[in-house]
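A short write-up of the structure that comes next.
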Amino acid sequence: MATIKLPAVLVGGSATSEVDVAGDTVRELFENHADEHGPELKDSVLEDGEIKEFINVYVEGTPVESVTAEVPEDAQVRVIPAASGGR
Amino acid sequence: MSDYVVDESTIFETPLVELDLDIEADADVYAKVEWFNLYDAPHGGGSVKSRIAKGMLDGAEERGDLEPGVTVIEPTSGNTGSEIARLAAVRGYDVEIVMPDNAAGGKVEAVRDAGAEIHFVDANRGYDAVIERCEAIIAADPDAYFRPNQYENPDNPGTHERTTAREIYEATDGEVTHFVAGVGTGGTITGTGRGLTDLTDGAAEIVGFEPDEPLHAIDGLKYLKTGDHYHPDTYDESVLDRTAYVTTADAYDQARALRERYLDDAVPIADPGQHDEETIREHLRVDDQFVVGTSAGGGAAAVVGLDEAGELDDGDTVVFMLCDRGDKYADIPLWEEYL
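Residue numbers (full-length UniProt numbering), protein chains in the order written: chain A, 1 to 87; chain F, 1 to 339.
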């Protein structure tokens, strides 16, 4: 399973947390996460089934642009807005 | 002593331009063009934060809180950092800036140009982690540092109350009916709001806007809508008449709409502030495009939202802030295809 490093703004405080999620593609990953943990993360990242323009998704440190991008087993996935906003 | 040079006399008295937004009400919409603070500085000139950087450093020096040999340090999403770095370098102080590692490239370069040391923090950890890193650095050697602290320093809203509010009141001949600004530290909306409320005897409506989603990309703004969040001392909600919420998509759309609207037409200058028309024309556009930053797009979206909600009437005079210029964001999706 891949590991999503959850943004602190969705978790609370300044600590991040990680969650293991199954999925072979970026889309599967966020849909499976929504099924298990609720839609907040998926709704923050995806719009109309695609990655939002201003959200960067990194798989093993490499930015991906499509929800069809493959996610290797045990990959680390990070989600970061394309500018500094924060809380 | 640093040989870095910026002209502090260009801070304050920024131009006011009239903008043609897509609204139903027959209202006049104006915007303060804040990159004319330090307009000649590289990487997009200055920003609305030039005002508070000057206000906080002036105040600290006058009170004796900031003395030679001390290092100025500040946590920031970018603009406050670059402006403090610029002004402190000119005044001879060493500077360290703590910022998230997704800060817009133009802001990072501006800090570097001023010779400041940068401490990057994983953006995934959120903005509170940036503040915590700064506090940890200071705690390790408290006597070595002075932190202006834009989140607690009354000189932040105080500078806007003394300058921005008066400039808007005078440039609109006292007819401003709505002032709209985003909430980050809350200093702009709190200080300018207080000043305009006083100057107009409460006639001006003060509207703060915040991001509508926690994972947003409106630079410098804070998501406060839900959950338990750090609340800046510089943000006094009692000054506001209403709070609006803006999505990043709408902020991007409005910023791009402004670019499109003024591709062939000049942006009308309503009041030049301290600048001559030639200077304004030279620095208003980038690559002959009128491109503004993300929070400026957010301001336009907030004004459009007010109109859609029926909150604007014919004859109203609305003012919002163009906090910084778009070339600071040439490396993010907003403008990467255009600049």
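Virtual Cβ for every residue (Gly too), placed ideally from N, Cα, C.
Local Cβ density within 10 Å of S9 (chain F), reported as buried at 16 or more and exposed below that: For the purposes of this step, residue 9 (chain F) is taken as the residue at position 9 of the second sequence. Label assigned to S9 (chain F): exposed.
Range covered by the beta strand (DSSP E) that runs through K32 (chain F): Within the second sequence, the letter at position 32 stands for residue 32 (chain F). It spans 28 to 33 - the beta strand (DSSP E) in which K32 (chain F) sits, taken as one unbroken run.
Of the listed residues F:G326, F:I280, F:A309, F:D198, nearest to residue 364 (chain F) (C-alpha basis): Because chain F is modelled from 1 through 339, residue 364 (chain F) falls outside the range shown and cannot be assessed.
DSSP bridge partner residues for G182 (chain F) (one or two, in chain order): Your numbering for residue 182 (chain F) matches position 182 in the second sequence. Paired residues: F:F209.
Members of the region 182 to 214 of chain F near chain A, C-beta cut-off 8 Å: Listed by position, the residues of the region 182 to 214 of chain F near chain A (Cβ gap below 8 Å) are P211, E213, P214.
Beta-carbon proximity check, P148 (chain F) vs E62 (chain F), cutoff 8 Å: Within the second sequence, residue 148 (chain F) is the residue found at index 148, counting from 1. Within the second sequence, residue 62 (chain F) is the residue found at index 62, counting from 1. Not a contact, by the Cβ cut-off of 8 Å.
Beta-carbon gap between A104 (chain F) and D331 (chain F) smaller than 8 Å: Numbered from 1 along the second sequence, position 104 holds the residue referred to as residue 104 (chain F). Numbered from 1 along the second sequence, position 331 holds the residue referred to as residue 331 (chain F). Contact flag set, yes.
Contact set for R242 (chain F): own chain, Cβ-Cβ below 6 Å, skip 5 residues either direction: To locate residue 242 (chain F), count along the second sequence from 1; it is residue 242. The answer, listed in chain order, is V207.
Spatial distance of E18 (chain A) from Y329 (chain F) (CA atoms): Numbered from its first residue, the first sequence carries residue 18 (chain A) at position 18. Numbered from its first residue, the second sequence carries residue 329 (chain F) at position 329. About 30 Å.
Proximal chain F residues relative to S44 (chain A), where beta-carbon distance stays under 8 Å: Counting from 1 along the first sequence, the entry for residue 44 (chain A) is found at position 44. Correct list: E213, P214, L215.
Proximal residues, the region 52 to 78 of chain A versus chain F, C-beta separation under 9 Å: K52, E53, F54, I55, N56, R78
Residues near Y230 (chain F) in its chain [Cβ-Cβ closer than 7 Å; skip 5 each side]: On the second sequence, residue 230 (chain F) is found 230 positions in, with the first residue counted as 1. Cβ within range, chain order: D128.
Proximity test, Cβ basis, 8 Å: A34 (chain A) and chain F: Indexing the first sequence from 1 puts residue 34 (chain A) at position 34. No, because no Cβ of chain F sits closer than 8 Å to the Cβ of A34 (chain A).
Neighbour flag for D253 (chain F) against chain B, beta carbons, 8 Å: Of the protein chains in the structure, A and F, none is chain B.
Buried versus exposed, by CB contacts within 10 Å (16 or more), E83 (chain F): The residue you call residue 83 (chain F) lines up with position 83 of the second sequence. E83 (chain F) is buried by the Cβ-count criterion.
Limits of the beta strand (DSSP E) - the one that I97 (chain F) falls within: If you number the second sequence from 1, residue 97 (chain F) lands on position 97. From DSSP, the beta strand (DSSP E) with I97 (chain F) extends over 95 to 100.
Chain F contact for G86 (chain A) (CB, 8 Å cutoff): Translated into positions along the first sequence, residue 86 (chain A) becomes position 86. Summary for G86 (chain A): the model assigns pLDDT 40, below 50, so the residue's position carries little reliability; its value from the coordinates is reported in the next sentence. Output row for G86 (chain A): interface = yes.
Proximity test, Cβ basis, 8 Å: P39 (chain A) and chain F: As a first step, residue 39 (chain A) must be located in the first sequence, where it is residue number 39. No, P39 (chain A) does not count as interfacial toward chain F.
For M321 (chain F), the first and last residue of its enclosing beta strand (DSSP E): In the second sequence, residue 321 (chain F) corresponds to position 321, counting from 1. 317 to 322 is the extent of the beta strand (DSSP E) around M321 (chain F).
Buried or exposed (CB count within 10 angstroms, at least 16 for buried), T247 (chain F): Stepping through the second sequence from its first residue, residue 247 (chain F) is reached at position 247. Buried, since its Cβ has 16 or more Cβ neighbours within 10 Å.
Secondary structure, alpha helix (DSSP H): runs of 4+ residues fully inside the region 11 to 84 of chain F: 48 to 63
For G106 (chain F) and L57 (chain F), the rounded distance between their alpha carbons: The sequence position of residue 57 (chain F) within the second sequence is 57, counting from 1. The sequence position of residue 106 (chain F) within the second sequence is 106, counting from 1. Approximately 23 Å between the Cα atoms of the pair.
Whole alpha helix (DSSP H) elements within the region 234 to 272 of chain F, 4-residue minimum: 248 to 261
Burial state of G86 (chain A), where buried means 16 or more other Cβ atoms lie within 10 Å: Locating residue 86 (chain A) in the first sequence gives position 86, where the first residue counts as 1. With a pLDDT of 40 at G86 (chain A), under the threshold of 50, the modelled position of this residue cannot be trusted; read the value that follows with caution. A residue is called buried when at least 16 other Cβ atoms come within 10 angstroms of its Cβ; G86 (chain A) meets this threshold and is buried.
Any C-beta of chain A under 8 Å from that of G126 (chain F): The residue you call residue 126 (chain F) lines up with position 126 of the second sequence. Interface residue, yes.
T234 (chain F), buried or exposed, once every other Cβ within 10 Å from all chains shown has been counted against 16: The sequence position of residue 234 (chain F) within the second sequence is 234, counting from 1. Answer is buried; the Cβ neighbour count reaches 16.
Paired residues, beta bridge with F146 (chain F) - DSSP: Along the second sequence, read from residue 1 onward, the residue named residue 146 (chain F) stands at position 146. In the DSSP output, where bridge partners are listed per residue, F146 (chain F) has F:V72.
Cβ neighbours of P42 (chain F) in the same chain (closer than 8 Å, five flanking residues each side left out): As a first step, residue 42 (chain F) must be located in the second sequence, where it is residue number 42. Answer for P42 (chain F): E109, A110, D113, listed in chain order.
Neighbour list for V9 (chain A) in chain F, Cβ cutoff strictly below 7 Å: Counting from 1 along the first sequence, the entry for residue 9 (chain A) is found at position 9. Residues of chain F passing the Cβ test: G126, P214, L215, Y223.
Three CB pairs or more closer than 8 Å across the region 157 to 166 of chain F and the region 293 to 300 of chain F: These segments do not touch.
CA-to-CA distance, Q150 (chain F) to G186 (chain F), given in whole angstroms: Translated into positions along the second sequence, residue 186 (chain F) becomes position 186. Translated into positions along the second sequence, residue 150 (chain F) becomes position 150. Near 9 Å, if we compare the C-alpha coordinates of Q150 (chain F) and G186 (chain F).
Test: I137 (chain F) CB closer than 8 Å to a CB of chain A: Numbered from 1 along the second sequence, position 137 holds the residue referred to as residue 137 (chain F). No - not a single Cβ of chain A is within 8 Å of the one on I137 (chain F).
Residue interval of the beta strand (DSSP E) (run including F120 (chain F)): As a position in the second sequence, residue 120 (chain F) is number 120, starting the count at 1. 117 to 121 is the extent of the beta strand (DSSP E) around F120 (chain F).
Three-state secondary structure assigned by DSSP to I51 (chain A): Here residue 51 (chain A) refers to the residue found at position 51 when the first sequence is read from its first residue. Of the three classes helix, strand and coil, the one that applies to I51 (chain A) here is strand, per DSSP.
Touch test, the region 35 to 50 of chain A against the region 19 to 32 of chain F, Cβ-Cβ under 8 Å, three pairs minimum: These segments do not touch.
Neighbourhood of T25 (chain A) by C-beta, 7 Å cutoff - its chain only, sequence neighbours within 5 removed: In the first sequence, residue 25 (chain A) corresponds to position 25, counting from 1. Excluding positions up to five away in sequence, the list reads V67, T68, A69, E70, V71.
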